[in-house]
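The sequence shown finishes on residue 1482 if you use our numbering, and the numbering steps up by one all the way, no holes.
See below for the structure under consideration.
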Amino acid sequence: TYNVYGQVLSHTDGKGQTTRLMRTARGLPSSRQDAKGQRVRYEYDKAIRLTALVNENNATYSFAYDASDRLSEEVRVDNLTRRFSYDVGGHLTRLDEIGYGENAERPERHTLFERDAIGRLVAKINRDASQTFAYDDGDRLLSIERQPTGIGK
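What follows is the structure, given as structure tokens:
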């Protein structure tokens, strides 16, 4: 079903299970309830950016933004933290992932993204492998080549 603005209020899948979406006065999703009654709450900041998803157990998946409104950090329910860095053109240049290991260590994974002069992704590099991307004259992706490192083999 839809509201008068054409926004989805509920969806019934092929098994007859209905998911309902509640909305704020501005039309933003405020919560979602699935057919089993499990609810996720959506939270926003004053700039109307999504800042958190809170599940039925009050576990929170949170989001933070930089001064240019780009996603700068997300912290998942399992406490994996992902931090995003961008160049002046707004392209993602680095992704840092910090998690929790089995013995309370905080393993980290860093991924670098390299771009050409017109902003196309040309390389993705982390400790496991490097990937290179090639394009044709029409800017269509031609190939992706992956070269594992000693760790990534």
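By construction, the Cβ of each residue, glycine as well, lies at the ideal position given by its N, Cα and C atoms.
This structure is a prediction, so every number in the text was calculated from the model and none was measured.
query: I'd like the list of long-range same chain contacts for residue 1474, defined as Cβ closer than 6 Å, with 5 residues on each side in sequence excluded.; result: 1461
query: For residue 1393 versus residue 1403, is the C-beta spacing smaller than 9 Å?; result: yes
query: Counting C-beta neighbours from all protein chains within 10 Å, is the total for residue 1382 16 or more, i.e. buried, or is it exposed?; result: buried
query: On a Cα-Cα basis, can you pick out the residue from 1368, 1448, 1409 and 1338 that is closest to residue 1356?; result: 1338
query: For the candidate residues 1459, 1455, 1372 and 1422, whose alpha-carbon lies nearest to that of residue 1449?; result: 1422
query: Report yes if the CB atom of residue 1398 is closer than 9 Å to the CB atom of residue 1411, and no otherwise.; result: no
query: Secondary structure at residue 1344, three-state DSSP: helix, strand or coil?; result: coil
query: Just the Cα atoms here: how many angstroms apart are residue 1453 and residue 1367?; result: 38 Å
query: In the DSSP output, which residue or residues are listed as bridge partners for residue 1450?; result: 1444
query: Looking at the structure shown, is residue 1385 part of a helix, part of a strand, or coil, going by DSSP?; result: coil
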